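What follows is a short report on a single structure.
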Amino acid sequence: MTPERYAKILRVLSKRQPTLTVLMDQVNKPHNLSAIVRTCDAVGVLTAHAVPPGGGKPLDFEGNTSQATSGSAHKWVRVQMHADTLGAVRELQGQGVQVLATHLSQRSVDYREADYTRPTCVLLGAEKWGVADAAADAADGNIVIPMFGMVPSLNVSVAAATILFEAQRQRLAAGLYGAPQLSPEELARLAFEWGYPELAPMYRERGEAYPALDDQGQMLG
Ligand code: SAM
Numbered sequence: 066m067t068p069e070r071y072a073k074i075l076r077v078l079s080k081r082q083p084t085l086t087v088l089m090d091q092v093n094k095p096h097n098l099s100a101i102v103r104t105c106d107a108v109g110v111l112t113a114h115a116v117p118p119g120g121g122k123p124l125d126f127e128g129n130t131s132q133a134t135s136g137s138a139h140k141w142v143r144v145q146m147h148a149d150t151l152g153a154v155r156e157l158q159g160q161g162v163q164v165l166a167t168h169l170s171q172r173s174v175d176y177r178e179a180d181y182t183r184p185t186c187v188l189l190g191a192e193k194w195g196v197a198d199a200a201a202d203a204a205d206g207n208i209v210i211p212m213f214g215m216v217p218s219l220n221v222s223v224a225a226a227t228i229l230f231e232a233q234r235q236r237l238a239a240g241l242y243g244a245p246q247l248s249p250e251e252l253a254r255l256a257f258e259w260g261y262p263e264l265a266p267m268y269r270e271r272g273e274a275y276p277a278l279d280d281q282g283q284m285l286g
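Residues 66 to 286 (the working numbering) make up the sequence shown, in order.
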């Protein structure tokens, strides 16, 4: 790893927002999934969440379409899979995360009214069906992007970007990008995994700690 590469990795990790995430509920088109993950990378989401379509196979980021459209963002944003949406919503809420469902209902508010400086998960729905009523009801709030056109909804990746960049705006104003949100240990762990992706699995398999890195990103010892 070059010192420049290491410096970039540290710069990016120092802006990661472990308290901002998305839950993609059965988003089934690879290009939408990839576009959302790419936006997650841009705003600093550390881990995204997904429920695979139809309770089926884990989402595949290895297909050419996905890689081409994500610009390899899937390498820098972990996607944690969940078996079902309600379970995932409750698990996140149990961790103190407010879940905001993108859903039109009696209690929906304009997405700009939400406070994204709080630990937040934006719940995104499938292209055909949107967010299920049960998941929207279980969420802490329902948000919508006001629409004034003939077509009633946006593409899911466009909606995700619109909302996540509002979250970025609020978090910038609150200083959440000004200091690392990851612990020093987490930052060092991820810096090794990102800088030495071919070596990291070997250390994990052996149950060994990653080597420390010097200020140029070279392994010590
Ligand atoms: N027929 C679906 C419905 O009734 O919800 C349309 C789903 S839309 C194509 C796919 C997803 O994009 C939605 O579930 C939501 O996550 C997001 N989305 C689209 N337009 C939105 C808007 N105006 N406000 C908030 N989210 C939106």
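Note that CB positions come from ideal geometry on N, CA and C, so glycine has one too. Every value quoted in this text rests on a predicted model; they were computed, and no experiment measured them.
What do you reckon, are the CB atoms on residue i and residue j nearer than 9 Å?
i	j	result
GLN82	PRO117	no
HIS147	ALA204	no
GLU154	VAL164	The residue you asked about is not Glu; residue 154 is Val in the sequence shown. Taking 9 Å as the Cβ cut-off, VAL154 and VAL164 qualify as a contacting pair.
VAL187	VAL87	yes
VAL221	LEU241	no
GLU24	ARG177	The requested residue 24 does not occur in the structure, where the chain is confined to residues 66 to 286.
ALA100	ALA225	yes
Using CA coordinates, which residue listed in the options is at the minimum distance from residue i?
i	options	result
PRO245	ARG70, LEU169, VAL77 and LYS73	VAL77
ASP106	GLY119, LEU85 and LYS94	LEU85
PRO217	LYS193, LYS94, GLY240 and GLN235	LYS193
GLY159	LEU247, THR185, LYS140 and VAL110	THR185
ARG233	VAL221, GLY109 and ARG269	Before going on, a small fix: residue 233 reads as Gln here, not Arg. Answer by Cα proximity: GLY109.
LEU237	LYS73, ILE74, LYS80 and LEU75	LYS80
LEU98	ALA191, MET267 and GLU178	ALA191
LEU151	PRO95, ALA197, PHE213 and GLY161	ALA197
LYS140	LEU247, ASP280, ALA225 and ILE74	ILE74
Go through its chain and collect everything with a Cβ distance to residue i's Cβ below 8 Å, but skip five positions before and after it.
i	result
GLN145	THR112, ALA113, HIS114 and ALA115
ARG254	TYR275
LEU278	TYR71, ALA253, ALA256, PHE257, GLY260, MET284 and LEU285
GLU156	HIS147
VAL142	VAL102, CYS105, ASP106, VAL110, LEU111, THR112 and ALA113
If you follow the beta strand (DSSP E) that residue i is in, where does it begin and where does it stop?
i	result
LEU188	185-189
LEU111	Per DSSP, LEU111 belongs to no beta strand (DSSP E) and is neither H nor E.
LEU165	163-167
Check whether the Cβ of residue i lies closer than 9 Å to any Cβ atom in chain B.
i	result
GLN246	The displayed structure is made up of one protein chain only, and chain B is not part of it.
Over what stretch of residues does the alpha helix (DSSP H) that includes residue i continue unbroken?
i	result
HIS96	95-108
ARG143	Run containing ARG143: none in the alpha helix (DSSP H); it sits in the beta strand (DSSP E), 143-146.
ASP90	Looking at the DSSP string, ASP90 is not in any alpha helix (DSSP H); the run it does join, the beta strand (DSSP E), is 85-90.
GLY260	249-260
VAL221	221-238
GLY152	150-159
Among the residues of its own chain, which have a CB less than 6 Å from the CB of residue i, if the five just before and after it don't count?
i	result
THR227	ILE210
GLN235	TYR181 and THR182
ALA138	VAL102, ARG103 and ASP106
ASN207	ALA166, HIS168, SER170, ARG172, SER173 and ALA201
GLU273	none
PRO266	none
ALA133	Note that ALA133 has pLDDT 45, beneath the 50 cutoff, so the model's placement of it is unreliable and the number below is only indicative. So the list is empty, once near-sequence residues are dropped.
GLY161	PRO184
GLY119	none
Near residue i, which residues of its chain fall below 7 Å by C-beta distance, leaving aside the five closest residues on each side in sequence?
i	result
PRO276	MET284, LEU285 and GLY286
So, do the region 66-78 and the region 259-274 have three or more beta carbon pairs nearer to each other than 8 Å? yes
Does the region 186-202 come within contact of the region 161-178, defined as at least 3 CB pairs closer than 8 Å? yes
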